[in-house]
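Structure first, then comments.
In the working numbering, the protein residues as written are 1140 to 1529.
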């Protein structure tokens, strides 16, 4: 039997869109990757590619201890039955609950990827603050275990969860891999026919408060008030499982704004990227924004916020512009400047493409991830076969 690696996330959509290259790489190296998610929305697609998938119970947005316990015990049962060589958890909820489940099941090798702090650590309501007092010590204990490796996508999240950490401390157990990577062959300039509209602004992301959607809409209103001509494409849909998801009535109001088109969720965003002059992401915080990398790979200049998970993916003045989070006026000015300077926008897009090729391609990121796996004693990789030393 091939050594089994479990890839565990809070949605099947995440696994399909962010970790499929890793699964292909594992299979090419002689492993048997298995996807675990609480929903089955993308399981048919993944199974058609020959991957095994299994559902487990998780109520997203539910912070009650009994829900957490139910999920933890269910995962522990799966881990005992599967007896994997290695378990890789993605998103902070899975790292927390899956880490506890792995310990209960006696799993010998576990990797946790912090892909962002999420609602649990960003929300300021009483329920979230109470949940953090329980979650943080547990996470820190998991991070420091010898059977566990943790991957952060940015240094800010690392220091938030492991205050006082420095490169010489916990060496070998903590890694920084800035993103899940991007397919630079799929996302490339000229991937689709059609010409770019020099006045089109593009947003791609879940319609959440923390994505800065409200600031973006206000920035567009400011541009309209100043007589700036533009078209804006908003690609994405609400996320009912997230407490910060925007309400349908608010989105209906946005759809009525002149020049703004609400596309909803699109499986393939390349057509919209091919038409756009720039991508804007006014997020409050990211783990490592994949949409910034996809747009950069298609040679789009970026306007985003000077926050963790965004600023490390953009070179100010070379591949894009960084603006303060939570403010519409600076966002509007940065957008207007790029619309008024199309030659500079083109140069920044070309710079962004080279930046992604060098640092953030799937090949680069998968190799870094497999290096984390290899840090466990006994795990051996080769180009054609993988094995576990006795």
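Ideal placement from N, C-alpha and C gives every residue a C-beta, glycine not left out.
Compute the distance between the beta-carbons of residue i and residue j, then report whether it is under 9 Å.
i, j, result
"residue 1281", "residue 1315", "no"
"residue 1153", "residue 1230", "yes"
"residue 1372", "residue 1346", "no"
"residue 1467", "residue 1448", "no"
"residue 1157", "residue 1319", "yes"
"residue 1278", "residue 1267", "no"
"residue 1252", "residue 1218", "no"
Name the two residues that bound the continuous alpha helix (DSSP H) containing residue i.
i, result
"residue 1341", "Run containing residue 1341: none in the alpha helix (DSSP H); it sits in the beta strand (DSSP E), 1339-1343."
"residue 1539", "Here the chain has residues from 1140 to 1529 only, and residue 1539 is not among them."
"residue 1460", "Note, residue 1460: premise wrong, no alpha helix (DSSP H); beta strand (DSSP E) at 1459-1462."
What number of angstroms, rounded off, separates the C-alpha of residue i from the C-alpha of residue j?
i, j, result
"residue 1477", "residue 1419", "11 Å"
"residue 1298", "residue 1395", "42 Å"
"residue 1329", "residue 1283", "46 Å"
"residue 1457", "residue 1486", "8 Å"
"residue 1362", "residue 1475", "7 Å"
"residue 1518", "residue 1242", "19 Å"
"residue 1197", "residue 1161", "23 Å"
"residue 1223", "residue 1142", "7 Å"
"residue 1178", "residue 1148", "10 Å"
"residue 1354", "residue 1452", "21 Å"
"residue 1208", "residue 1145", "20 Å"
"residue 1393", "residue 1443", "20 Å"
"residue 1155", "residue 1213", "22 Å"
"residue 1309", "residue 1269", "In this prediction, residue 1309 scores a pLDDT of 49, lower than 50, which makes its location untrustworthy; the coordinate-derived value is nonetheless stated afterwards. Whole-angstrom Cα-Cα distance: 28 Å."
With DSSP as the reference, please indicate the residues paired to residue i in a beta bridge.
i, result
"residue 1401", "1373"
"residue 1314", "1290"
"residue 1226", "1145, 1249"
"residue 1419", "1442"
"residue 1473", "Partner(s): none; residue 1473 has no beta bridge."
Using 10 angstroms around the beta-carbon of residue i, count the other beta-carbons present and answer buried if the total reaches 16, otherwise exposed.
i, result
"residue 1170", "buried"
"residue 1368", "exposed"
"residue 1501", "buried"
"residue 1435", "buried"
"residue 1108", "Residue 1108 lies beyond the range of the chain shown here (1140 to 1529); nothing can be said about it."
"residue 1168", "buried"
"residue 1386", "exposed"
"residue 1366", "exposed"
"residue 1296", "buried"
"residue 1413", "buried"
Hey, is residue i close to the ligand FAD, as in C-beta under 8 Å from one of its heavy atoms?
i, result
"residue 1297", "Questions concerning the ligand FAD fall outside what the structure shown contains, since it holds no ligand whatsoever."
Over the uninterrupted beta strand (DSSP E) stretch that includes residue i, give me the two end residues.
i, result
"residue 1172", "1171-1176"
"residue 1441", "1441-1444"
"residue 1362", "Premise fails: residue 1362 lies in the alpha helix (DSSP H), 1352-1364, not in any beta strand (DSSP E)."
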